[in-house]
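*Asks:*
Okay, here's the thing in structure tokens:
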């Protein structure tokens, strides 16, 4: 048995801000993917994934008992498949901010939910919000608190524009220029990031008035401007706003940036060769980069793993 493929995602803009109702823009990233699978001879990773799915099945059973109107699953079929050794076979790196648990949640919903909302029907705003809410409750098993956005992106395999918590829509993003010099790229920090502790640091910071003010007047402002520029295809304005966003993050989100990358982050702002921002909650995993000249950026970041995800 092998289920359909579900892809990773990249939140281009909006990390942390979407917790506080900034805009967000999330795009599927088809380089990484995962599917539910049963093997005759599972390896250690498969066995571990299978154990985790067993715990997830128990959680989903409780979820549907607590919230019967939210979602119902074929728990018996799920538990039977888990007992046969089913696991999530995935190339999506965990703790890297590209939605490994999101793809898993999407695949479980797709296979086991009754009366599921499918991607083939007319996706009204109500349906999108309902899906996001269901996915948020499901993914909370992995993160403690989830917006449901990662699984939504993986399930629909569409770019999603978040206008606010209660207003999301599929977004049309400008088509790529395959031979363009400008690029969005992933920079591998070589460290696995943990989402929950990073969110705790953010929530603690939110208790301070100065931080809340910065978030509203700088972080959210620049994030929203970046999204508008990106969707309009206004590259010149976009890079001006990404630079401001990169500065704001370096000043106010230092704990979320691995210490060994502080200088590299600053160097990008000073030379304008590239600008870095968080990819997901930070603390490790991938860092997202923007550059108007990918060759220059690669040279400046020599010795680091750079993966292009979008060309301007």
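In the UniProt record's numbering, the protein residues as written are 1 to 312. Beta carbons: idealized from backbone N, C-alpha and C, even for Gly.
Which ranges would you report for the alpha helix (DSSP H) in the segment 143–181 if only whole runs of at least 4 residues count?
*Replies:* Complete alpha helix (DSSP H) runs here, min 4: 149–156.
*Asks:* Taking just the CA atoms, how far does residue 45 sit from residue 225?
*Replies:* Start at 1 with the first residue of the chain shown, and residue 225 comes out as number 225. Start at 1 with the first residue of the chain shown, and residue 45 comes out as number 45. Straight-line Cα distance between these residues: approximately 42 Å.
*Asks:* Which complete beta strand (DSSP E) runs does the segment 36–75 hold, if anything under 3 residues is left out?
*Replies:* List check, beta strand (DSSP E) in window: nothing returned.
*Asks:* Just to check my reading of the structure: residue 188 and residue 9 have Cβ atoms closer than 8 Å, yes? What is that Cβ distance to the nearest angstrom?
*Replies:* Taking the first residue of the chain shown as position 1, residue 188 is located at position 188. Taking the first residue of the chain shown as position 1, residue 9 is located at position 9. Not a contact, Cβ separation roughly 17 Å.
*Asks:* Put residue 210 into one of helix, strand or coil per three-state DSSP.
*Replies:* Numbered from its first residue, the chain shown carries residue 210 at position 210. Of the three classes helix, strand and coil, the one that applies to residue 210 here is helix, per DSSP.
*Asks:* Bridge partners of residue 113, per DSSP?
*Replies:* In the chain shown, counting from the first residue as 1, residue 113 sits at position 113. 73.
*Asks:* Taking just the CA atoms, how far does residue 132 sit from residue 146?
*Replies:* As a working note, residue 146 is residue 146 in the chain shown. As a working note, residue 132 is residue 132 in the chain shown. About 10 Å.
*Asks:* Would residue 269 and residue 254 be called neighbours here (beta carbons separated by less than 8 Å)?
*Replies:* Here residue 269 refers to the residue found at position 269 of the chain shown. Here residue 254 refers to the residue found at position 254 of the chain shown. The answer is no: Cβ separation not under 8 Å.
*Asks:* Along the chain, where does the alpha helix (DSSP H) containing residue 313 start, and where does it finish?
*Replies:* Residue 313 cannot be examined here, being either before or after the span of the chain that is shown, 1 to 312.
*Asks:* Residue 90 bridges to which residues according to DSSP?
*Replies:* As a first step, residue 90 must be located in the chain shown, where it is residue number 90. DSSP lists 34 as partners of residue 90.
*Asks:* Short check: CB of residue 59 to CB of residue 141, under 8 Å?
*Replies:* Here the question's residue 59 lines up with position 59 in the chain shown. Here the question's residue 141 lines up with position 141 in the chain shown. Yes, the pair counts as a contact, with Cβ atoms nearer than the cut-off.
*Asks:* What residues match up with residue 16 in a beta bridge as DSSP calls it?
*Replies:* By 1-based counting over the chain shown, the position of residue 16 is 16. Residue 16 pairs with nothing; no bridge assigned.
*Asks:* Between residue 260 and residue 159, is the Cβ-Cβ spacing less than 8 Å?
*Replies:* On the chain shown, residue 260 is found 260 positions in, with the first residue counted as 1. On the chain shown, residue 159 is found 159 positions in, with the first residue counted as 1. The answer is no: Cβ separation not under 8 Å.
*Asks:* In whole angstroms, what separates the C-alpha of residue 165 from that of residue 40?
*Replies:* Locating residue 165 in the chain shown gives position 165, where the first residue counts as 1. Locating residue 40 in the chain shown gives position 40, where the first residue counts as 1. Looking at the two C-alpha atoms, the distance is approximately 44 Å.
*Asks:* Can you tell me whether DSSP reads residue 305 as helix, strand or coil?
*Replies:* Against the chain shown, residue 305 aligns to sequence position 305. Coil, per DSSP.
*Asks:* Mark residue 47 as exposed unless 16 or more other C-beta atoms lie within 10 angstroms of its C-beta, in which case mark it buried.
*Replies:* What you label residue 47 is simply residue 47 of the chain shown in a count that begins at 1. It is exposed - the Cβ of residue 47 has fewer than 16 other Cβ atoms within 10 Å.
*Asks:* From the DSSP output, in three-state form, read off residue 188 for me.
*Replies:* Here residue 188 refers to the residue found at position 188 of the chain shown. Strand, per DSSP.
*Asks:* Can you give me the start and stop residues for the beta strand (DSSP E) that residue 291 sits inside?
*Replies:* If you number the chain shown from 1, residue 291 lands on position 291. Its beta strand (DSSP E) spans residues 286–291.
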